[in-house]
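The listed protein sequences correspond, in order, to chains A and B. Taking UniProt numbering, the leading residue of the first sequence gets 1, the next gets one more, and so forth. Taking UniProt numbering, the leading residue of the second sequence gets 1, the next gets one more, and so forth. One structure is given here, and the rest of the page talks about it.
Number of protein chains: 2
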Amino acid sequence: MSSTPKSPEPVAGLPLLESIRFDLRGLVAAIAQQHDTGEVLMLAWMNREAVEETLATGRACYFSRSRNRLWRKGESSGQVQRLVDIRLDCDGDALLLLVDQTGVACHTGRRSCFYLAPRDGVLAELTQPEVSPEALYGA
Amino acid sequence: MSSTPKSPEPVAGLPLLESIRFDLRGLVAAIAQQHDTGEVLMLAWMNREAVEETLATGRACYFSRSRNRLWRKGESSGQVQRLVDIRLDCDGDALLLLVDQTGVACHTGRRSCFYLAPRDGVLAELTQPEVSPEALYGA
Numbered sequence: 001m002s003s004t005p006k007s008p009e010p011v012a013g014l015p016l017l018e019s020i021r022f023d024l025r026g027l028v029a030a031i032a033q034q035h036d037t038g039e040v041l042m043l044a045w046m047n048r049e050a051v052e053e054t055l056a057t058g059r060a061c062y063f064s065r066s067r068n069r070l071w072r073k074g075e076s077s078g079q080v081q082r083l084v085d086i087r088l089d090c091d092g093d094a095l096l097l098l099v100d101q102t103g104v105a106c107h108t109g110r111r112s113c114f115y116l117a118p119r120d121g122v123l124a125e126l127t128q129p130e131v132s133p134e135a136l137y138g139a
Numbered sequence: 001m002s003s004t005p006k007s008p009e010p011v012a013g014l015p016l017l018e019s020i021r022f023d024l025r026g027l028v029a030a031i032a033q034q035h036d037t038g039e040v041l042m043l044a045w046m047n048r049e050a051v052e053e054t055l056a057t058g059r060a061c062y063f064s065r066s067r068n069r070l071w072r073k074g075e076s077s078g079q080v081q082r083l084v085d086i087r088l089d090c091d092g093d094a095l096l097l098l099v100d101q102t103g104v105a106c107h108t109g110r111r112s113c114f115y116l117a118p119r120d121g122v123l124a125e126l127t128q129p130e131v132s133p134e135a136l137y138g139a
């Protein structure tokens, strides 16, 4: 992503887990994209264990920075993400997960987390919730 | 992106720049997506100044962590990104830039930085460079 990375770039022929450049926190950014429509659903973070679990189970597992633990996407809401493919970027510090999202990705009940955009100088909501957060997580 | 953010979430009606939750380094993650095809091109970082310049000029400007300065995408290669729209996510710590990419986004000469994927246990290159890095940046 930068034109002058400081450490070796990932190369073909090595396993994915050996090629990811986790940051000082042990995390790597992970974009989730709906595999067929191309919609960008969310940006989250993964540690090594989350990547391993995602590859092993075929379901997206992230690392929650706020809860400081593995975050099995959909474990409480049922809105799981089936992994279709996973990509690593040119300098090894970002992942792109192509997923099949069950229901909505966003905790607000919207399909995508990226629903705010500037309009006339202030943020506007481009989409409305498809389900209520209460229905997703319980009251 | 997390279900339990610790600080206030962005709300409609406020300016974008007041709503971004920059991290301790003063940065926010920014995904660049080709606006019409949906292809995810790259993940980069922006500081406040980069967001301001991007909004003012309509061309993507990032912050290079390796060079520790503003990175006007395409300033040396000509591979600029025209801003079509910009989105903020539900917890305010990630941006999605919908862009019109001139040429290739990746410094390796590939359209997208996300060209590596595990195949048979090791990373494979899904695409080949469309132009040589030398042609982009000079020998």
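From the three backbone atoms N, C-alpha and C, an ideal C-beta is built for every residue, glycine too.
Out of B:G74, B:T108, B:V51, B:D93, which has the shortest C-alpha to C-alpha gap to P8 (chain B)?
Comparing Cα positions, the closest option is B:D93.
What residue ranges within the stretch 64-99 of chain B form continuous beta strand (DSSP E) runs of no fewer than 3 residues, ordered along the chain?
69-72, 81-88
Could you tell me the alpha carbon to alpha carbon distance between S2 (chain A) and T54 (chain B), rounded to whole angstroms?
Only weak support exists for where S2 (chain A) lies, its pLDDT of 43 falling under 50; the value from the coordinates is given anyway. S2 (chain A) and T54 (chain B) have their C-alpha atoms roughly 17 Å apart.
If the criterion is Cβ atoms closer than 8 Å, does the pair L123 (chain B) and A12 (chain A) meet it?
yes
DSSP on Y115 (chain B), reduced to helix/strand/coil?
coil
Does DSSP put A135 (chain B) in a helix, in a strand, or in coil?
helix
V28 (chain B), enclosing beta strand (DSSP E) - first and last residue:
28-34
Three-state class that DSSP yields for R48 (chain B) in the structure shown:
When DSSP states are grouped into helix, strand and coil, R48 (chain B) belongs to the helix group.
is_contact[G103 (chain A), chain B] using C-beta, thresh 8 Å
no
Can you tell which of A:V80, A:I86, A:M46 has the C-alpha that lies nearest to the C-alpha of S64 (chain A)?
A:M46
Closest by CA to I20 (chain A), which one among A:E39, A:A50, A:H35?
A:A50
Which class does K6 (chain A) belong to by DSSP, given the choice of helix, strand or coil?
Any answer about K6 (chain A) is weak, because its pLDDT of 44 lies below 50 and its placement is not dependable; what the coordinates show is given next. Of the three classes helix, strand and coil, the one that applies to K6 (chain A) here is coil, per DSSP.
What are the partner residues of Q101 (chain B), as DSSP defines its beta bridges?
B:Q81
Check for me: the beta strand (DSSP E) holding E125 (chain B) runs from which residue to which?
122-125
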